[in-house]
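Have a look at the structure below before the remarks.
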Amino acid sequence: MSTPNAPQSMYRAREGLGVWEHRGQVAAVGIGHGPTSRRWDGKADTSVGAISLLALRKAIEDAGVNPADIDGLVMDERTTTGAFWPRDQELPWDVINAYNRTDAPLDGITQLSAEWILKNMPELAGVQFTMYAPVCMSNAIVVAAQAIGEGRAHTCLVLKAWHNLPGRYYQSGPNADDAIPGTAAMRSLWGAPACYGTAIQFAEYCRKYGKNHDMMAPFISNSRRNGLKFPEGYWAQHRPEEITPEDYKAARWIAKPANLFDNDIPIMCSAAYLFTTAERAQHLKRKPVYILGHASSRGQARSFVPTLDEVEAECASSGRKLLEAAGITVDDVSFENLYDGFPQFHQFHMEGLRYRGIQPGEALDFYQTDISIGGPNPVSPSGGNIGSGRSRFWMHTDCIQQIQRRAGERQVTGVEPVIGVSGGPMPTGGNFTCWSATGDY
Amino acid sequence: MKQGVIPDDLTRPFWEAANEERLVIQNCRDCDRLQHPPAPVCGKCGSDAALEWKQMSGRGRIYHYGVVHDCPIRLLQDDQPFNCAVINLDEDPGIQMYSHLPGTPVDEVPVGAAVELVFETAANGQKVPEWRVVGDS
Ligand SMILES: [Zn+2]
């Protein structure tokens, strides 16, 4: 079976499309996570393929579905956090041969195809629909929901996995060369790290609205605190370290005004969800969490760095699109889990949605109020990437778990968890989902 | 020091002009619209035939800046920390270029200030457009 990329028509990227045509007809019914690690240790049972098989099987078990009843798989074939297999390094044949391999030897190690998954999960004999949704879980969720709504599949696994290899992030390859091609040079000659664009937007935001970097501290602390209550996450599993406001303010700069804690940590991880129709979901063991709507942003910056004006316009549009698709107003939203990697753009997503009525320029003041899981205005109860490492999926898992009331120590207590929103990654390019306790909210 | 540049088909006119200490930016004749970074076709109308290289005045303003302390580029690591600014061209403020702002002390960047074009020599002798502050806004 060859697996195509999802066509752009499956994403709802324009305003004015109205309520999602499959509103409330698709539900999440199972969650599974593989174990996290900082980098791959080279063993067969910790490869990105191995942890993905674990995540998928846990999601199936969590839902209580017979694997033979599953007919769809939506995932992203790319798993790199920025790490690639070095060209001069021998292939890890012992690991490759520990699994049913595909034609690509590094499948299951530095990439992950649907073919590899199906070859190594013979219990998924009923899968007839496979599709790739690059880049994030946010894409895969949208595509799987759309696929079920359109009847392409009725019970569909949704998977996103990341690998990380030994060595420092992005320090090898062209970045270590004495000369680089002219196209790359337009941008790379100036040495801006990955967080630079967001840092520039944040700097302009602070200038425009009279805010400052220290005002981010409560958000960062809150995010890590929530993440330490996420047993599936990296920091909870390996390094249970809080970030105090003092830690945050004293951290070394990467690209000022972005410091170490304004960057997330690349890790190995994998998560899977099981989606099915609202009809089938009624008969399963978990409380279904319904998808009311989804929306996508495909903003195009005019030049290198999206300006604050471009970012604010696009985030406001994404917020309107998501509420329109879900057929709700922002007052219906119980909690938000919009993306935070980089944390310095979380406020753009939040303000774009107008979460709790906040307007552009007000989010950092909002951070100085009670944004905890115990208060009336929870901000990022998942803790996001700051709380649990770079996965771009904690926010989605948390929305499902909160609404099912099985978020454990992270469970929000100051609001009724009825409607949650999650999505990202970038303010000018992302995919957003509205989750609900009922299909006919 | 900046890495050397190996001009490729898309960007050769830009780098050749830089070696003559001129700044040229892609322009679509049909749309009367500049675009940067360069692309094979106009980002608005999709035409490749209407694309030309247009010389700029070499005037701009600082949009904003960051101070890079942890840079992924090996050749620049000795220069850390350094300013890295986004410049808006006077011809069209939507067009941005990066700059290390030679002559401006680290983290003492006048946001909004006018800048003028200068040229720096990269590792392999290629000249590279840079920007120098000419006065407060
Ligand atoms: Zn044109």
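Protein chains in written order, with numbering that gives the first Met the number 0: chain A, 0 to 440; chain B, 0 to 136.
Ideal Cβ positions, reconstructed from N, Cα and C, are used throughout, including at glycine.
Bear in mind that the values here come from a model prediction, so they are computed numbers and not experimental data.
Give me the residue from the options with the minimum Cα distance to residue i.
i: A:Y366; options: A:L322, A:S333, A:V414, A:M215; result: A:M215
i: B:A113; options: B:E107, B:E119, B:L88; result: B:L88
i: A:R100; options: A:Q110, A:L90, A:K118, A:E89; result: A:K118
i: B:V67; options: B:R58, B:H99, B:I86, B:V40; result: B:H99
i: B:L116; options: B:I61, B:P37, B:L9, B:W52; result: B:I61
i: A:D89; options: A:G382, A:C398, A:F431, A:G41; result: A small correction: the amino acid at residue 89 of chain A is Glu; Asp does not occupy that position in the sequence shown. The residue with the shortest Cα to Cα distance from A:E89 is A:G41.
i: B:Q54; options: B:C70, B:R73, B:A122, B:L33; result: B:L33
i: A:S1; options: A:A62, A:S112, A:D68; result: A:S112
i: A:A278; options: A:L53, A:V142, A:T412, A:H153; result: Per the sequence shown, residue 278 of chain A should be read as Glu rather than Ala. When only C-alpha atoms are compared, the closest one is A:H153.
i: A:A254; options: B:G65, B:Q125, B:D106, B:F118; result: B:G65
i: B:I5; options: B:P37, B:V133, B:A122, B:E129; result: B:A122
i: A:N336; options: A:T328, A:I327, A:Q346; result: A:Q346
i: A:N138; options: A:W115, A:V157, A:L188; result: A:V157
i: A:V417; options: A:I399, A:A178, A:P239, A:F431; result: A:I399
i: A:L363; options: A:E240, A:A191, A:R206; result: A:R206
i: B:Q25; options: B:A49, B:D7, B:G3; result: B:A49
i: A:A27; options: A:G413, A:G429, A:P217, A:D397; result: A:D397
i: A:N96; options: A:A43, A:A178, A:G125, A:V73; result: A:A43
Would you report the Cα separation of residue i and residue j, rounded to the nearest angstrom?
i: A:I385; j: A:D339; result: 7 Å
i: B:N82; j: A:G423; result: 29 Å
i: A:I147; j: A:A132; result: 14 Å
i: A:N174; j: A:V288; result: 44 Å
i: B:N18; j: B:P92; result: 24 Å
i: A:T80; j: B:Q76; result: 22 Å
i: A:I199; j: A:E14; result: 28 Å
i: A:E350; j: A:D261; result: 19 Å
i: A:I266; j: A:R391; result: 11 Å
i: A:I59; j: A:I50; result: 14 Å
i: B:D69; j: B:Q79; result: 7 Å
i: B:D135; j: B:V108; result: The pLDDT assigned to B:D135 is 49, lower than 50, so where the model puts this residue is not dependable; a value taken from the coordinates is nonetheless given after this. Each residue's alpha carbon lies about 10 Å from the other.
i: A:I30; j: A:A62; result: 7 Å
i: A:L53; j: B:K1; result: 46 Å
i: B:L74; j: A:S36; result: 31 Å
i: A:R186; j: A:D68; result: 49 Å
i: A:T306; j: A:Y354; result: 22 Å
i: A:I370; j: A:P377; result: 5 Å
i: A:T243; j: A:E361; result: 22 Å
i: B:E20; j: A:V134; result: 40 Å
i: A:Y208; j: A:P256; result: 15 Å
i: A:T197; j: A:T276; result: 38 Å
i: A:K320; j: A:F431; result: 9 Å
Which residues does DSSP list as the beta-bridge partners of residue i?
i: B:Y62; result: According to DSSP, which records beta bridges pairwise, B:Y62 is partnered with nothing at all.
i: B:N87; result: B:R60, B:Q95
i: B:E119; result: B:V127
i: A:V288; result: A:A27
i: B:V137; result: Here chain B comprises residues numbered 0 to 136, so residue 137 of chain B is not present and cannot be evaluated.
i: B:E51; result: B:N26
i: A:I418; result: A:S435
i: A:W161; result: A:C268
i: A:C155; result: A:G71, A:F274
i: A:P180; result: B:I5
i: A:W252; result: A:N258
i: A:A294; result: A:F431
i: A:T129; result: A:L72
Any heavy atom of ligand 1 within a distance shorter than 8 Å of the CB on residue i?
i: B:K167; result: With chain B running from 0 to 136 in the structure shown, residue 167 of chain B is simply not present.
i: B:D91; result: no
i: B:S46; result: yes
i: A:K42; result: no
i: B:A49; result: yes
i: A:R301; result: no
i: B:K43; result: yes
i: B:C70; result: no
i: A:C205; result: no
i: A:C433; result: no
i: A:D364; result: no
i: A:C135; result: no
i: B:R58; result: no
i: A:A77; result: The sequence shown places Arg at residue 77 of chain A, not Ala. No, Cβ of A:R77 sits at least 8 Å from all heavy atoms of ligand 1.
i: A:R279; result: no
i: A:C268; result: no
i: B:C27; result: yes
i: A:R285; result: no
i: B:C30; result: yes
Any beta carbon from chain E within less than 9 Å of residue i's own beta carbon?
i: B:D89; result: Within the model displayed, chain E is absent; protein chains A and B are what it includes.
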